[in-house]
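These notes concern the structure reproduced below.
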Amino acid sequence: MASFFEGKDFGFLFRQDQGTISRRIWLRGTALLVGFMIITTLVFIPISGGAVHLLSSPGLLGPRIAINVTLVLLYIVYLSVYGIAFILAAVSHYNLSAKRARAIGKSPSEAAIFPLAVLMAGAVNLLQPQMGSSMPVWTKYLADLALVLVLAYVLYEFGMKVRDKDEL
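Residue 92 in my numbering sits at position 84 of the sequence shown, and the numbers go up by one each step.
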């Protein structure tokens, strides 16, 4: 893994926000973290609907009680692990991006914009179906659009924009 990140160790890249890194290392680290987030989300999406259906159905305590309760418990355990892993990935991405922000002369606080947008869009997408008319459906689309715009900005500023004295 160290050669993938050009000799930089995992702890330096993802567990602390001090130092600077190149565009190439930032792009690779971002791809790794975003890939992890996408994979865990793709596992979460199909199981999330089933557990909610099981909890709301009158057959939860029917003849298949052991299977139903087991599925609900597995959903709750996965949701807990997923939430913790997702927050750790967001913090790791901030640490990675803070290094890149320093390298390009920006404030490290600007590195928080993408993880914050991901967490906010995820929260809106999870909450909206449960809120009914209290939260209109267009709020999901607005949050997703904001996330796409933030992603485009961060990819351009941190990973694509060519600057003086900046190697790929």
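We put the CB at the ideal spot given by N, CA and C, even for glycine.
Only counting the same chain, and skipping five residues up and downstream in sequence, which positions put a Cβ closer than 7 angstroms to that of residue i?
{"i": "residue 120", "result": "102"}
Just to confirm my understanding: we take residue i, look at its own chain, exclude 5 residues before and 5 after, and list those with CB closer than 8 angstroms. What are they?
{"i": "residue 135", "result": "143"}
{"i": "residue 99", "result": "123"}
{"i": "residue 129", "result": "151, 152, 154, 155"}
For residue i, count neighbouring C-beta atoms within 10 Å of its own C-beta (all shown protein chains included) and say buried if the count is 16 or more, exposed if not.
{"i": "residue 111", "result": "buried"}
{"i": "residue 105", "result": "buried"}
{"i": "residue 40", "result": "buried"}
{"i": "residue 78", "result": "exposed"}
{"i": "residue 83", "result": "buried"}
{"i": "residue 145", "result": "exposed"}
Taking only three categories from DSSP, how would you classify residue i?
{"i": "residue 143", "result": "coil"}
{"i": "residue 148", "result": "helix"}
{"i": "residue 107", "result": "helix"}
{"i": "residue 55", "result": "helix"}
{"i": "residue 132", "result": "helix"}
{"i": "residue 24", "result": "coil"}
{"i": "residue 121", "result": "helix"}
Check whether the Cβ atoms of residue i and residue j sit closer than 8 angstroms, and answer yes or no.
{"i": "residue 151", "j": "residue 132", "result": "yes"}
{"i": "residue 48", "j": "residue 90", "result": "yes"}
{"i": "residue 55", "j": "residue 86", "result": "yes"}
Can you give me the Cβ contacts of residue i inside the same chain, cut-off strictly under 6 angstroms, excluding the 5 residues immediately before and after it?
{"i": "residue 45", "result": "97"}
{"i": "residue 108", "result": "29, 34, 166"}
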